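Trainee: Here the sequence shown stands for residues 61 to 439, where the numbers follow this note's numbering. Ideal Cβ positions, reconstructed from N, Cα and C, are used throughout, including at glycine. Since we're looking at a predicted model, the values are computed, not measured. The following block contains the structure, expressed as structure tokens.
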Amino acid sequence: MQQKITALFQQVHGRAPAFITRAPGRIEFIGNHTDYNGGTVLGASIDRGVWVAVAPRTDGKRRFFSEYAGKVVELGADVTAKQTDEASWINYPLGVLMALPAFKLKAPEGFDYAAVSNLPTGAGLSSSAAIELASGIAFLALTDQHPNRETLVKIGKHAENNFVGVPCGILDQGVSGFGKKDHLVFIDCKGPRFDAVPLPESAHFWIFNTHTKHALVDGLYAARHRECMEAAQALGVSLLVEATPADVEAANGKLSAEAFKRAKHVVDEIARVDQAVVALKKSDLDAVGRLLTASHCSSQNLFENSTRELDFLVDKLTATLNVYGARLTGGGFGGAVMALTSPAFGDSQALTIADAYEQRFGARPDILHMKTGDGAERL
Ligand code: GLA
61 MQQKITALFQ
71 QVHGRAPAFI
81 TRAPGRIEFI
91 GNHTDYNGGT
101 VLGASIDRGV
111 WVAVAPRTDG
121 KRRFFSEYAG
131 KVVELGADVT
141 AKQTDEASWI
151 NYPLGVLMAL
161 PAFKLKAPEG
171 FDYAAVSNLP
181 TGAGLSSSAA
191 IELASGIAFL
201 ALTDQHPNRE
211 TLVKIGKHAE
221 NNFVGVPCGI
231 LDQGVSGFGK
241 KDHLVFIDCK
251 GPRFDAVPLP
261 ESAHFWIFNT
271 HTKHALVDGL
281 YAARHRECME
291 AAQALGVSLL
301 VEATPADVEA
311 ANGKLSAEAF
321 KRAKHVVDEI
331 ARVDQAVVAL
341 KKSDLDAVGR
351 LLTASHCSSQ
361 NLFENSTREL
371 DFLVDKLTAT
381 LNVYGARLTG
391 GGFGGAVMAL
401 TSPAFGDSQA
411 LTIADAYEQR
421 FGARPDILHM
431 KTGDGAERL
């Protein structure tokens, strides 16, 4: 990919790049919608991601190119408006540029820019965080500024929250920034605090991407965010992480049925993340798998962000030999299911599940056997 982006940059901009960066996509391992509630979450950075190349310009022009969009868009350094249609991918690097002053960092003026990705699209592997982090490192290289990794992660999240306009938590950017091969990233989102948890060698990840997406997915994510904040307020805490499972149980009847379900999901899910860390440290993958499947059931019944396609895959997977557990991964309302398996789970079992899915829904899910990879870096 490094060669590919170098060649592409040369072809598009007619010269060699000055800096090349890379940031990985991520799998949400466990901790569904816990991040913006101040809770804990575990994610895995994968060996696929986004590569960005840049070189400075002295005329103040910012020339953006991505292989995905296939054409150069030229903006002046004073352009701060959100881009639309086929240029809307630029909102991620643009959001990063706009975020830099909030961190007392300088944005580069003119530059040539190119991005390539080998992340499958629409699989919920967070290409947006990957492009934010890879762009952030590239822009900071252009201006010779060296903030720490945590600041870089926060810049990406700031871009997403304030410019792109998604009220996400820190999971995606945190995992892309702090990822480590053969490890999971543990995030205590309130700090935030980041830690690496070794992944037992026999733990394998499979992603089944349904390519389904609820028409209102962004609005539904924002609605869940709002419902969680309202539930916290009704419980008298600023974020749901401050309530215990017992507090939530005690408030049953006082909270609306909906607020109770959302709050119960979040506090129980935070407890599951913490139990998963303990089980991983003991290499007890059976216990980890049970927690993953319990997480899915909670998303399905309490958080109500699953779909019949995702539930179907989880049911099939958990009934299959050598699968420790399975759950929806990411925001929900469509997207992908992740399965944790032993090395004995293979293509033939995965294909049997895809066949059953096709028979039921008339389309095939994409199957990806994922590997972990390192976090964002300048190459
Ligand atoms: C999306 C968001 C994350 C997180 C997950 C749900 O991936 O970007 O911040 O909230 O959904 O856990």
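What's the call for E418, buried or exposed, on a 16-neighbour Cβ count within 10 Å?
Mentor: Within the sequence shown, numbered from 1, the residue matching residue 418 stands at position 358. Only exposed fits E418, as fewer than 16 other CB atoms lie within 10 angstroms of its CB.
Trainee: Under the criterion of a Cβ to heavy atom distance below 7 Å, does D232 qualify as lining the ligand GLA?
Mentor: Reading the sequence shown from its first residue, position 172 is the one you call residue 232. D232 Cβ: within cutoff of the ligand GLA.
Trainee: Assess, as a yes-or-no matter, whether the stretch 227 to 235 is touched by the stretch 83 to 103 under the definition of 3 or more beta carbon pairs within less than 8 Å.
Mentor: A contact exists between the stretch 83 to 103 and the stretch 227 to 235.
Trainee: Taking A174 as part of the beta strand (DSSP E), name the residues at either end of that continuous run.
Mentor: Your numbering for residue 174 matches position 114 in the sequence shown. Where A174 is concerned, the enclosing beta strand (DSSP E) stretches over G170 to S177.
Trainee: Distance check for E318 and P425, CA to CA, integer angstroms please.
Mentor: By one-based count along the sequence shown, residue 425 stands at place 365. By one-based count along the sequence shown, residue 318 stands at place 258. Answer to the nearest angstrom: the Cα atoms are 31 Å apart.
Trainee: Is it the case that the Cβ atoms of A190 and V110 are separated by a distance below 8 Å?
Mentor: Within the sequence shown, residue 190 is the residue found at index 130, counting from 1. Within the sequence shown, residue 110 is the residue found at index 50, counting from 1. In contact: A190 and V110 (Cβ atoms closer than 8 Å).
Trainee: Using beta-carbon positions only, say whether P77 and V114 come within less than 8 Å of one another.
Mentor: Within the sequence shown, numbered from 1, the residue matching residue 77 stands at position 17. Within the sequence shown, numbered from 1, the residue matching residue 114 stands at position 54. Result yes, Cβ atoms of P77 and V114 sit closer than 8 Å.
Trainee: Quick one: Cα of E290 to Cα of S408, how far?
Mentor: Taking the first residue of the sequence shown as position 1, residue 290 is located at position 230. Taking the first residue of the sequence shown as position 1, residue 408 is located at position 348. Going by the C-alpha atoms only, they are around 46 Å apart.
Trainee: Quick check: is any heavy atom of the ligand GLA less than 7 Å from the C-beta of E192?
Mentor: To locate residue 192, count along the sequence shown from 1; it is residue 132. Because no heavy atom of the ligand GLA lies under 7 Å away, the Cβ of E192 does not count as near it: no.
Trainee: Going residue by residue through the stretch 71 to 159, where are the continuous alpha helix (DSSP H) segments of at least 4 residues, counting only ones entirely within it?
Mentor: 151 to 159
Trainee: Regarding D248 and the ligand GLA, is the C-beta to nearest heavy atom distance less than 7 Å?
Mentor: Counting from one through the sequence shown, the residue named residue 248 turns up at place 188. Every heavy atom of the ligand GLA is 7 Å or more from the Cβ of D248, so no.
Trainee: From which residue to which residue does the alpha helix (DSSP H) around P305 run?
Mentor: For the purposes of this step, residue 305 is identified with residue 245 of the sequence shown, where counting begins at 1. P305 -> alpha helix (DSSP H) spans P305 to A310.
Trainee: Quick one: is the Cβ of D278 within less than 7 Å of any heavy atom of the ligand GLA?
Mentor: To locate residue 278, count along the sequence shown from 1; it is residue 218. Every heavy atom of the ligand GLA is 7 Å or more from the Cβ of D278, so no.
Trainee: Check for me: the alpha helix (DSSP H) holding K214 runs from which residue to which?
Mentor: Translated into positions along the sequence shown, residue 214 becomes position 154. It spans R209 to H218 - the alpha helix (DSSP H) in which K214 sits, taken as one unbroken run.
Trainee: Within 7 Å: the Cβ of C228 and any heavy atom of the ligand GLA?
Mentor: Your numbering for residue 228 matches position 168 in the sequence shown. The answer is yes for C228.
Trainee: Does the distance between the C-beta of D328 and the nearest non-hydrogen atom of the ligand GLA fall short of 7 Å?
Mentor: For the purposes of this step, residue 328 is taken as residue 268 along the sequence shown, with counting starting at 1. D328: no, Cβ never under 7 Å from the ligand GLA.
Trainee: Could you give the uninterrupted runs of the alpha helix (DSSP H) lying entirely in the stretch 283 to 345, keeping only those of 4 residues or more?
Mentor: Runs of the alpha helix (DSSP H) lying entirely within the stretch 283 to 345, each at least 4 residues long, are 305 to 310 and 317 to 341 in chain order.
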